[in-house]
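Visitor: In terms of my numbering, the numbers along the sequence shown are unbroken and rise by one, the last being 138. Backbone N, C-alpha and C define an ideal beta-carbon position, used for all residues, glycine too.
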Amino acid sequence: MKGLVLFIILFLSFVDSSLIAQSGIQVNEDPQIKGIMNQYVRINRSITHFSGWRITVISTADRRQMEESKIMFQKNFNYKVKWDYKEPYYQLKAGAFTNRNDAAFVLENVKKKFPTAFLSIDKIAYDEL
């Protein structure tokens, strides 16, 4: 028992001294590295979008058909929907996927209700994920 108490006291004295020794560490940072890191952070903050995948549910020249499809899609699926107008077509797009496999998995279910749906590459904002 005395040996265990002695061991614990010695162990705690070494732990305490090692913690005190670490408080005196000083980091000398090269100004060039600091400048490069600041540039890296600034560039990455300016990137707000990336190239990802969406499901194009319908592409039609009829706006009413696109709006009806949007309502029907929202009733059946729980994915964010947006529409674009690229003359002369309205495109109803759903979801925001980082890789093609995830999008293809969802597309299989969507095709049961919307047989003309297909995958498309699109710009996706980071806050959409």
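1. Using 8 Å for Cβ pairs, my map puts Tyr94 next to Thr69. What's the rounded Cβ distance?
2. Which residues mark the beginning and the end of the alpha helix (DSSP H) in which Gly44 is found?
3. Below 7 Å between beta carbons: does that hold for Leu101 and Val50?
4. If we count the other Cβ atoms within 10 Å of its Cβ and call it buried at 16 or more, is Val119 buried or exposed?
5. Nearest by alpha-carbon distance to Ile64: which of Glu117, Ile18, Ile45, Ile42 is it?
6. Which whole-angstrom value is the C-beta distance of Thr57 and Ala105, which I expect to be below 8 Å?
7. Quick one: Cα of Lys122 to Cα of Glu76, how far?
Guide: Reading from the atomic positions:
1. With a Cβ gap of about 11 Å, Tyr94 and Thr69 do not count as contacting.
2. That run of the alpha helix (DSSP H) goes 40-55.
3. Not in contact: Leu101 and Val50 (Cβ atoms no closer than 7 Å).
4. Buried, by the Cβ-count rule.
5. Each of Glu117, Ile18, Ile45, Ile42 was checked against the Cα of Ile64, and the nearest Cα belongs to Glu117.
6. The C-beta distance from Thr57 to Ala105 rounds to 13 Å, too long to fall under 8 Å, and the pair is not in contact.
7. Cα to Cα, the separation comes out at about 15 Å.
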